Amino acid sequence: MSELRYELWLIHKKIVLNIDEIRKDFPLLERKVHNFPLVYMDNGATTQKPRIVIETIRQLYSRQNSSIHRGVHFLSEQITDI
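All residue numbers for the sequence shown refer to UniProt numbering, where the first residue is 1 and numbers rise by one.
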């Protein structure tokens with residue numbers, strides 16, 4: 001299949017998304033505003049984080065927080081290797 005034909009196929013392909021399931025991954029979207037589910041559309045600088053990212057960052061700050069590429073102690077070396 002040529003590249004152009006493949007791109008056209010992708011454009012016309014139906015993609016079905018279960019929005020309720022996707023929303024469950026984003027804790028902030030569990031909130032209601034004026035009795036309606038929160039809809040949050042903003043730029044990439046403040047994009048909402050999915051639960052897995054929040055949990056990973058929480059673990060990082062709880063167990064491995066240190067300077068990267070600057071320290072010579074155990075935690076710094078460990079976080080640099082990640």
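Even for Gly, the Cβ is constructed at its ideal location relative to N, Cα and C. Note that the coordinates shown come from a computational prediction; the quantities given were computed from them, not determined experimentally.
| Asked | Found |
| --- | --- |
| Three-way DSSP call (helix, strand, coil) for Val33 in this model | strand |
| Residues of its chain near Ile79, where Cβ-Cβ distance is below 6 angstroms and the 5 sequence neighbours each way are ignored | Gln64, Ser66, Ile68 |
| Residue nearest to residue 94 in terms of C-alpha spacing, selected from Gln48, Asn18, Asn43, Leu17 | Residue numbering for the chain in the displayed model covers 1 to 82; residue 94 lies beyond these limits and cannot be assessed. |
| Rounded separation between Asn35 and Leu28 - CA only | 15 angstroms |
| Cβ separation of Pro50 and Asp20, assumed to be a contact under 8 angstroms, to the nearest whole Å | About 15 angstroms; that fails the 8 angstroms criterion. |
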